[in-house]
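Below is one structure, written out as structure tokens; comments come after it.
There are 2 protein chains.
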Amino acid sequence: MAQAPPADKRRLILDAAVRVFARQGFHATRVSDIADEAGVAYGLVYHYFKSKDEVLNELFLERWSLLLVAIEEADRTGAGPREKLGAVAGFIFDSYRHDPDLMKVIIVEVTRAANSFGQTHLEQIRRAYEGIAKIVSDGQESGALRGDVEPMFASMAFYGAVEQLLSGWIFGTIPASETDFDAARDLLVTTICDGLEPR
Amino acid sequence: MAQAPPADKRRLILDAAVRVFARQGFHATRVSDIADEAGVAYGLVYHYFKSKDEVLNELFLERWSLLLVAIEEADRTGAGPREKLGAVAGFIFDSYRHDPDLMKVIIVEVTRAANSFGQTHLEQIRRAYEGIAKIVSDGQESGALRGDVEPMFASMAFYGAVEQLLSGWIFGTIPASETDFDAARDLLVTTICDGLEPR
DNA sequence: CGGCCGATTGACTGGTCAATCAACCAGAGG
DNA sequence: CCTCTGGTTGATTGACCAGTCAATCGGCCG
Chain X
1 MAQAPPADKR
11 RLILDAAVRV
21 FARQGFHATR
31 VSDIADEAGV
41 AYGLVYHYFK
51 SKDEVLNELF
61 LERWSLLLVA
71 IEEADRTGAG
81 PREKLGAVAG
91 FIFDSYRHDP
101 DLMKVIIVEV
111 TRAANSFGQT
121 HLEQIRRAYE
131 GIAKIVSDGQ
141 ESGALRGDVE
151 PMFASMAFYG
161 AVEQLLSGWI
171 FGTIPASETD
181 FDAARDLLVT
191 TICDGLEPR
Chain R
200 MAQAPPADKR
210 RLILDAAVRV
220 FARQGFHATR
230 VSDIADEAGV
240 AYGLVYHYFK
250 SKDEVLNELF
260 LERWSLLLVA
270 IEEADRTGAG
280 PREKLGAVAG
290 FIFDSYRHDP
300 DLMKVIIVEV
310 TRAANSFGQT
320 HLEQIRRAYE
330 GIAKIVSDGQ
340 ESGALRGDVE
350 PMFASMAFYG
360 AVEQLLSGWI
370 FGTIPASETD
380 FDAARDLLVT
390 TICDGLEPR
């Protein structure tokens, strides 16, 4: 029968996991919660994934690889560092706008959980820092950016600011309801490139 | 006999907990690990603390209250925002220099664990953000800082950068061995206040 | 001495889950 | 109609660990 994709159960489980992880956090989530949310039997989760960890890993890698590509692409445009950094921040903010639950999970459970999952994915995460550092480094060579700041240092500061803002929205420290993400992106780039003091 | 302080067991347990939490992470730490590290019996931990959580809470509050005081004090000096922000970043970096394990635990297990313990202490954490935001806000009124950046926005960006750098040192993403923390503090303040582009 | 009380001990319990696995079912092909 | 295959089921097992508690210790005071 044209019974096309038979409701891809694997995808179903992944999407359900995002929702449950976002709601309860990874540690507080039982595998049965994921199965229930997906409407499948407990054991099926283990048919598609070899452990609960692997579900989270899969979610992270799926999304993080897109970020790495986005950084790569931003870098390839011949634009100035200001535009490149704007593109990177824009991609991350857009990811949150598009799927807040997924970004919450990735940030809270992986990126900022350097002791547990962050450890596993340190290499991937570092790759993003390095991509940003390269943008800074190129900008310094072209003279568009000051040369007295270590690129990796600037990269960490930039990424840290991005992630902290995201966390603020996620946990309501900063009201996200009225947030215009595009404006936030521009403001952040301005802050980092121009500084807080008047020009 | 002049057997002065009877080896305060409570303190002994707290200090041991810092070491074990830093080494294994809070979740992976069993209460017996803490007791073993402290060289006391399992049950004694429960004599002084009503749960494993309370041990971490105590560690966090002890240190965080000092940070809040430091921010408060930095603000009271009549100096410019640049100096005030430098004092705040300096205090945090010094805390790390003085007791890396404790800072690692606080950041990894509380501050960046907004799902678990961060939730409990959100109010305390927010208080720090607000203290920094006040510094920015005052700076804007005096004309030392640009007025087109929401103070809370700037505060989050600043604190995010600080914490990300710390994380970088903690997890070896950035080599901490050769790091001169005072130079890092100055560089960060310069980056945030002057911006990455040449003046 | 003898009794009191808080500090200290560590075996044990209760509950929680991750992961396994043997059974079941549905469609395809013969 | 039968069989084979692989997706699907969910009860069960086994490990783990936070927190409890009854027993012991040791200093102090009358």
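In the order they appear, the protein sequences are chains X and R.
Counted from 1, the first sequence has number 102 at position 102 by my numbering; the numbering is strictly sequential.
Counted from 1, the second sequence has number 243 at position 44 by my numbering; the numbering is strictly sequential.
Each residue gets a CB set at the ideal place from its N, CA and C atoms; glycine is no exception.
Remember, predicted model here, so these are calculated numbers, not experimental data.
Flagged as an interface residue toward chain X: residue 345(R), by a C-beta distance shorter than 8 angstroms.
Assignment of residue 275(R) by DSSP, reduced to helix, strand and coil, places it in the helix class. The closest CA to that of residue 160(X), considering only 112(X), 38(X), 143(X), is found on 112(X). Non-local beta-carbon contacts of residue 155(X) in its own chain, meaning distances under 7 angstroms to residues more than five positions away in sequence, involve 129, 132, 133, 136 in chain order. The criterion of a C-beta distance shorter than 8 angstroms is not satisfied by residue 184(X) and residue 81(X). Per DSSP, the unbroken alpha helix (DSSP H) holding residue 166(X) starts and ends at 151-170. Residues of the stretch 348-376 of chain R whose Cβ lies closer than 7 angstroms to any Cβ of chain X, in chain order: 348, 351, 352, 353, 355, 356, 358, 359, 360, 362, 363, 364, 366, 367, 370, 372, 373. By the Cβ criterion, the stretch 369-378 of chain R is not in contact with the stretch 312-328 of chain R, since fewer than three pairs of Cβ atoms, one from each stretch, lie closer than 8 angstroms. Under the 8 angstroms criterion on CB atoms, residue 391(R) is classed as interfacial with respect to chain X. Rounded to whole angstroms, residue 119(X) and residue 100(X) show a C-alpha spacing of 23 angstroms. In chain order, 129, 130, 133 place their CB closer than 8 angstroms to the CB of residue 152(X), counting only its own chain and leaving out the 5 sequence neighbours on each side. Within the same chain, 266, 269 come within 7 angstroms of residue 290(R) by CB-CB distance, once the 5 residues on both sides are set aside.
When the beta-carbon positions are compared, residue 346(R) and residue 193(X) stay at least 8 angstroms from each other. Contact of residue 129(X) with chain R by beta-carbon distance below 7 angstroms involves 372. The beta carbon of residue 141(X) sits no closer than 8 angstroms to any beta carbon of chain R.
Under a criterion of Cβ atoms nearer than 7 angstroms, the residues of chain R adjacent to residue 108(X) are, in order, 313, 314. In summary, residue 340(R) is exposed, with fewer than 16 beta-carbon neighbours lying within 10 Å of its beta-carbon over all protein chains present. Distances from the alpha-carbon of residue 357(R) to those of 379(R), 376(R), 389(R), 374(R) put 389(R) closest. For residue 344(R), the three-state secondary structure derived from DSSP is coil.
Counting along the chain, residue 380(R) sits inside the alpha helix (DSSP H) bounded by residues 380-393. The beta carbon of residue 86(X) sits no closer than 8 angstroms to any beta carbon of chain R.
Residue 50(X) counts as exposed, since fewer than 16 other beta carbons sit within 10 angstroms of its beta carbon. When 7 angstroms is used as the limit between beta carbons, residue 100(X) is near no residue of chain R, the shortest such separation being about 14 angstroms. The Cβ atoms of residue 245(R) and residue 231(R) lie no closer than 8 angstroms to each other. Residue-level contact by beta carbon holds for residue 195(X) and chain R, with a gap shorter than 8 angstroms. Cα atoms of residue 294(R) and residue 306(R): separation of roughly 12 angstroms, rounded to the nearest angstrom. Contact of residue 321(R) with chain X is assigned, a C-beta pair being separated by under 8 angstroms. Between the beta-carbon of residue 217(R) and that of residue 258(R) there is about 6 angstroms, and that keeps the pair under the 8 angstroms contact cut.
Across the stretch 220-240 of chain R, CB contacts with chain X closer than 7 angstroms involve 224, 226, in sequence order along the chain. Neighbours of residue 296(R) in chain X, taken as residues whose beta carbon is under 9 angstroms from its own, are absent, since the nearest beta carbon is some 17 angstroms off. In this model, residue 287(R) and residue 361(R) are separated by some 10 angstroms (Cα to Cα). Any Cβ of chain X closer than 8 angstroms to the Cβ of residue 387(R) would place that residue at the interface, and such an atom is present. In the same chain as residue 302(R), and ignoring 5 residues on each side of it, the C-beta atoms closer than 6 angstroms to its own belong to 294, 295, in chain order.
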